[in-house]
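Peer 1:
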Amino acid sequence: MKKNVFLGFLVIVLAVGFFGCDLINNPDDNPVNNPDDEDDKPGNPYLGSTLSFNEQVYYETENYTIAAYTGADLSVKEWRDIDGTANITGGKLKLSIGTPSPLSPIAGIFEDVGFGSWQKDIEYSTTDVQAAELYDGELNKPSEFTWLEKRRDTDSAFEHVSYIFVSKDVTVTAKGKVDVDDNVTSTDVTLKLKSGWNVLYFKMSFSNSGAIASYSLSNPGNLCWMLY
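For the sequence shown, counting from 1, position 64 maps to 63 in numbering that gives the first Met the number 0; every step adds exactly one.
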């Protein structure tokens, strides 16, 4: 399984700049509001013992707009750092995972190059916790797309979510830090994870004075599964 090289990925995000899933295109390329407006409302970040999806998948067009995927059925060959596959049928991602495999000590999840690259002094209320993270999926070939990830990109921010499984309730705290080279400041965080699946939300906000990176337990409704 591949590791998350987030800094390099962020450069690609900044260069591309999606519009976000609340502005999609119908087949004649006229912008329309997201037909799933009810689904845009924030959801519960605590998902219980089973992670399930039956959600529309989107892609970026040649005109840098977002459109619902309606092409041939696709399949996810593997998810980042956990076993399992999934299908994209009729343009929708269909997935159901209970306890994932493999599980590893929680420090191995939060001190990896994603969360650990932006935070310091990471502490846990208990270390006797097994954990796993579902972040993005690699697609089977042949396909014009390679990866699938739940995210949103605008001129002012980059957002994505990953799904964290923990074997018991645990609180994770971390301090923010300043990355002088990239002009990024991260915020302090307190994450009260519950046994089962949790939604970990990352947001990087951009301004003329630099960028602010933050993590929280949140399940925003305006992110969508993007093919890229």
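Yeah, the Cβ is synthetic: ideal placement off N, Cα and C, and Gly gets one too.
1) Locate the beta strand (DSSP E) running through I105, then write down its first and last residues.
2) What is the residue span of the alpha helix (DSSP H) that F114 lies within?
3) Return yes when the Cβ of L50 is within less than 8 Å of the Cβ of L133, no when it is not.
4) Should the segment 86-94 be regarded as contacting the segment 120-129, the criterion being three or more beta carbon pairs within less than 8 Å?
5) Throw me the rounded Cβ distance for the V183 and A210 pair, which I believe falls under 8 Å.
6) Please determine, among D181, V188, C223, the residue with the shortest C-alpha to C-alpha distance to H159.
7) Quick one, are the C-beta atoms of S185 and Y200 less than 8 Å apart?
8) Just to check my reading of the structure: G136 and E77 have Cβ atoms closer than 8 Å, yes? What is that Cβ distance to the nearest angstrom?
9) Quick one: grab the DSSP three-state call for T145.
10) For P99, count the other beta carbons within 10 Å of its own beta carbon; 16 or more makes it buried, fewer makes it exposed. Which is it?
11) Suppose only complete runs of 3+ residues qualify. What are the beta strand (DSSP E) ranges in the segment 122-205, listed by chain order?
12) Alpha carbon to alpha carbon, what distance is there between I163 and D120?
Peer 2: So, from the listed chains and residues:
1) No beta strand (DSSP E) holds I105; the alpha helix (DSSP H) holding it covers 105-109.
2) 114-117
3) yes
4) no
5) 5 Å
6) C223
7) no
8) 7 Å
9) coil
10) buried
11) 129-133, 135-138, 146-152, 156-165, 169-174, 183-185, 188-192
12) 20 Å
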